[in-house]
Amino acid sequence: MSEIQKEQTLEEKWENATIANNFIFYKVMRNNPDVCQELLEILLEFKIERIEMSQEEEINVDFGSKGIRMDVYAKDAGGQKVYNIELQAKDTKELPERARYYQGVMDVDLLKSGQDYKDLKTTFIVFICVDDIFEKGLAKYTFENLCVEDPKIKMGDRAYKYFFISQNCDKLLDEEQKAFLKMVSNNKSSNAFTDKVKKLVDNAKRNTQWRKQFMDWEREKTYSFNRGLEQGVQQKAVEDARNFLNEGVAPEVISRCVGLPLEQVLDLQKQAR
Numbered sequence: 171m172s173e174i175q176k177e178q179t180l181e182e183k184w185e186n187a188t189i190a191n192n193f194i195f196y197k198v199m200r201n202n203p204d205v206c207q208e209l210l211e212i213l214l215e216f217k218i219e220r221i222e223m224s225q226e227e228e229i230n231v232d233f234g235s236k237g238i239r240m241d242v243y244a245k246d247a248g249g250q251k252v253y254n255i256e257l258q259a260k261d262t263k264e265l266p267e268r269a270r271y272y273q274g275v276m277d278v279d280l281l282k283s284g285q286d287y288k289d290l291k292t293t294f295i296v297f298i299c300v301d302d303i304f305e306k307g308l309a310k311y312t313f314e315n316l317c318v319e320d321p322k323i324k325m326g327d328r329a330y331k332y333f334f335i336s337q338n339c340d341k342l343l344d345e346e347q348k349a350f351l352k353m354v355s356n357n358k359s360s361n362a363f364t365d366k367v368k369k370l371v372d373n374a375k376r377n378t379q380w381r382k383q384f385m386d387w388e389r390e391k392t393y394s395f396n397r398g399l400e401q402g403v404q405q406k407a408v409e410d411a412r413n414f415l416n417e418g419v420a421p422e423v424i425s426r427c428v429g430l431p432l433e434q435v436l437d438l439q440k441q442a443r
């Protein structure tokens, strides 16, 4: 495929992008705190005095540890509540684990040396999903730590996790929640808030700087994906070569069968001795 063809494909992705696109969601919410606050109020069903967007797009705990990049990371005006809101268009099969890791990294970031554990903020981690990742048919899954022996007993650690499922949104009783989640699925606005979001999405797509950032972001994702595939193929070839060596197959034959250089197969043979 030529570079021109790739560019056309990326252009089509940009033109077809909606609020369900991670990049668009990030730009719209991060650059419009009032809209982000309104969305949080709709989803969490309580009023927020004011939110302040974190200046950090990434949180790194320590050298060598996995950092996190969040779509929206904000605190309320009093600094006692912290919000992380993410849009997930595809089920990556690891969202519960990601929510757990986000919680841990956020807590480490929020609690400074010398502070008491009681100083930890109340945290709300919100995932807006298209697919029902739990496959139980709910439109909203709310999690907090409860006692297994008696679920009426709450741990009281003030850590809450929410998963909203757009494909099941018709089951929601809250009409504002339903309207936004329907927009995630079909890109159609049906009330004042979704009209506002739709206009912001349209404005975002007219921003030439954001368009370039999107193109670069998509290219990097494609490169990382292809590199991961190549590494996976290479690892599989090495594993197959080791298995063949254990069975006594000649290195020359293994090299031809698995596609590894003969020198690499001979090195693997030496390592196995």
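Adding 170 to a residue's 1-based position in the sequence shown gives its number in this note's numbering. Using N, Cα and C, we set each Cβ at its ideal position, and we do this for glycine too.
Margin query: Which same chain residues end up closer than 7 Å to Trp380 when comparing Cβ atoms and leaving out the 5 residues on each side of it in sequence?
Written below: Translated into positions along the sequence shown, residue 380 becomes position 210. Here the set comprises Lys197, Ala374.
Note to self: Please report the distance separating the alpha-carbon of Trp184 from that of Glu422.
What the structure shows: For the purposes of this step, residue 184 is taken as the residue at position 14 of the sequence shown. For the purposes of this step, residue 422 is taken as the residue at position 252 of the sequence shown. Going by the C-alpha atoms only, they are around 49 Å apart.
Checklist line | In DSSP terms, what Val252 is bridged to | finding: Along the sequence shown, one-based indexing puts residue 252 at 82. For Val252, which the question treats as bridged, DSSP gives the partners Lys245, Thr293.
Next item on the list: Measure from the alpha carbon of Asp289 to the alpha carbon of each residue in Leu281, Ile295, Val296, then state which is nearest.
Entry: In the sequence shown, counting from the first residue as 1, residue 289 sits at position 119. When each option's Cα is compared against that of Asp289, the closest is Leu281.
Next item on the list: Output the distance between the C-alpha atoms of Glu219 and Ala244, rounded to the nearest integer angstrom.
Entry: If you number the sequence shown from 1, residue 219 lands on position 49. If you number the sequence shown from 1, residue 244 lands on position 74. One C-alpha to the other measures close to 13 Å.
Notebook entry, point to check: Rounded C-beta distance between Glu291 and Lys251? I'm assuming under 8 Å.
Noted result: Here residue 291 refers to the residue found at position 121 when the sequence shown is read from its first residue. Here residue 251 refers to the residue found at position 81 when the sequence shown is read from its first residue. Contrary to the premise, residue 291 reads as Lys rather than Glu in this sequence. That belief holds up - the Cβ atoms of Lys291 and Lys251 are roughly 6 Å apart, short of 8 Å.
Note to self: Report the start-end ranges of each alpha helix (DSSP H) in the segment 409 to 440 that is 4 residues or longer and not cut off at the edges.
What the structure shows: 421 to 428
Notebook entry, point to check: For Glu177, is the classification buried or exposed, using 16 other Cβ atoms within 10 angstroms of its Cβ as the cut-off for buried?
Noted result: On the sequence shown, residue 177 is found 7 positions in, with the first residue counted as 1. Residue placement at Glu177 is flagged as unreliable, the pLDDT there being 47, under the threshold of 50; the coordinate-derived value follows with that caveat. Glu177 comes out exposed.
Checklist line | Nearest neighbour of Lys406, chosen from Ala190, Gly429, Asn416 [CA to CA] | finding: Along the sequence shown, one-based indexing puts residue 406 at 236. Answer by Cα proximity: Gly429.
Item checked: Where Ile221 sits in the DSSP three-state scheme -> If you number the sequence shown from 1, residue 221 lands on position 51. Three-state result, Ile221: strand.
Check: For Cys299, which residues does DSSP report across the bridge?
Finding: Translated into the one-based positions of the sequence shown, residue 299 becomes position 129. Its beta-bridge partners are Gln258, Ile335.
Item checked: Element boundaries [alpha helix (DSSP H), containing Phe350] -> In the sequence shown, the residue the question calls residue 350 occupies position 180. Segment 345 to 356, the alpha helix (DSSP H) holding Phe350.
Margin query: Quick check on this structure: which residue in Leu180, Ile323, Arg200 has the alpha carbon closest to the alpha carbon of Val371?
Written below: By one-based count along the sequence shown, residue 371 stands at place 201. Closest option to Val371, Cα to Cα, is Arg200.
Notebook entry, point to check: When the Cα atoms are used, what is the spatial distance from Ile229 to Asn357?
Noted result: Stepping through the sequence shown from its first residue, residue 229 is reached at position 59. Stepping through the sequence shown from its first residue, residue 357 is reached at position 187. Residue confidence is low: Ile229 scores 46 on pLDDT, short of 50, so the model does not pin down where it sits. Its coordinate-derived value is still stated next. Spanning the two alpha carbons is a distance of roughly 31 Å.
Check: Using CA coordinates, which residue listed in Lys263, Ala259, Thr293 is at the minimum distance from Gln273?
Finding: One-based indexing of the sequence shown puts residue 273 at position 103. When only C-alpha atoms are compared, the closest one is Thr293.
Checklist line | Close-in-space but distant-in-sequence residues of the same chain around Ala187 (CB under 6 Å, 5 per side omitted) | finding: Stepping through the sequence shown from its first residue, residue 187 is reached at position 17. Only Ile194 meet the Cβ criterion.
Check: At which residues does the beta strand (DSSP E) containing Lys310 begin and terminate?
Finding: Counted from its first residue, the sequence shown places residue 310 at position 140. Element bounds for Lys310: 310 to 313.
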